[in-house]
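The structure appears right after this line, and notes come after that.
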Amino acid sequence: MVNGVVPFVVYQVLTGAGASTVLALSVSGVFPAFGVIWGLVRTRRADVIGMVSLAFIVVGLATSVLTGDARFILIKESMLTGVFGLVCLISLLAPKPVMFYFGRQFASGGDPARAAAFDDLWQYPQFRAVQRNLTVGWGIGYVAEASTRVALALLIPISIFLVVSPVLAFGATLGLIAWTMAYARRASRRGAAHLAAEAAARNQADA
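Take the sequence shown: its letter number 52 is residue 52 in my numbering, and every next letter is one higher.
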């Protein structure tokens, strides 16, 4: 409602009243920022992703007002996912990719013992391959999503883009989450079967 419906309604009302496109988009773009600020006030804890989103919103609004170009407002939302996708792909050059750290946080829930157990899994080649494949998937997925939204921002009417953009963003994220869960389950079953086979081989050798 806050990220999709409200900005569309506000844009329609303001442009219908004679406001300029830049002004209407600037006002409608403020409402997603309210959602981030409300989350910060409610939890009293800084959400890194939320704060980065807020920074992009502010930069997009400021750039649009200064230049008078509405396109900066339309593409600002794509900057966050696009940058994250690029970070994922670049992190493949690091010792551990980005999705390893997201996976550890998700699997441990902040429990140090469970986080340590997750770290120990890095010794297995199959586990390392899974983490890198997940990082590739999220990187390519988000770069493609951001590129698509930037192209749509330049090609379709603004009123239509305000409806299509959040649907595409949420759809891409939900699709990546569903793919991650399915892929992780399959990889977990394969890993468990591999470890069981190794244990059986060792027992047979000992016998």
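Note that CB positions come from ideal geometry on N, CA and C, so glycine has one too.
Reducing DSSP to helix, strand and coil, say where Asp120 ends up. For the purposes of this step, residue 120 is identified with residue 120 of the sequence shown, where counting begins at 1. If DSSP states are grouped into helix, strand and coil, Asp120 belongs with the helices.
Quick one: is Gln105 buried, meaning 16 or more other Cβ sit within 10 Å of its Cβ, or exposed? Taking the first residue of the sequence shown as 1, we reach residue 105 at position 105. Exposed, because fewer than 16 other Cβ atoms sit within 10 Å of the Cβ of Gln105.
Over what stretch of residues does the alpha helix (DSSP H) that includes Val103 continue unbroken? As a position in the sequence shown, residue 103 is number 103, starting the count at 1. A small correction: the amino acid at residue 103 is Gly; Val does not occupy that position in the sequence shown. Its alpha helix (DSSP H) spans residues 98–108.
Less than 8 Å separating the beta-carbons of Ala182 and Glu145? Here residue 182 refers to the residue found at position 182 when the sequence shown is read from its first residue. Here residue 145 refers to the residue found at position 145 when the sequence shown is read from its first residue. No.
For Ile160, count the other beta carbons within 10 Å of its own beta carbon; 16 or more makes it buried, fewer makes it exposed. Which is it? Here the question's residue 160 lines up with position 160 in the sequence shown. Around the Cβ of Ile160, a 10 Å sphere holds fewer than 16 other Cβ atoms; the residue is exposed.
Give the straight-line distance between the Cα atoms of Thr135 and Phe84, rounded to the nearest whole angstrom. Indexing the sequence shown from 1 puts residue 135 at position 135. Indexing the sequence shown from 1 puts residue 84 at position 84. Inter-residue distance for Thr135 and Phe84 is about 11 Å (C-alpha atoms, whole angstroms).
Using a 10 Å radius around the Cβ and a threshold of 16 neighbouring Cβ atoms, would you call Gln131 buried or exposed? Here residue 131 corresponds to residue number 131 of the sequence shown, with the count starting at 1. Buried, because 16 or more other Cβ atoms sit within 10 Å of the Cβ of Gln131.
Assigned secondary structure, Leu89 (DSSP; H/G/I helix, E/B strand, else coil): Position 89 of the sequence shown, counted from the first residue, corresponds to residue 89. In the structure shown, Leu89 sits in a helix (DSSP, three-state: H, G or I).
Three-state secondary structure (DSSP) of Pro157: By 1-based counting over the sequence shown, the position of residue 157 is 157. Under the three-state reduction of DSSP, Pro157 is assigned to coil, being neither helix nor strand.
Length of the line joining the Cα atoms of Ala107 and Arg42: On the sequence shown, residue 107 is found 107 positions in, with the first residue counted as 1. On the sequence shown, residue 42 is found 42 positions in, with the first residue counted as 1. One C-alpha to the other measures close to 25 Å.
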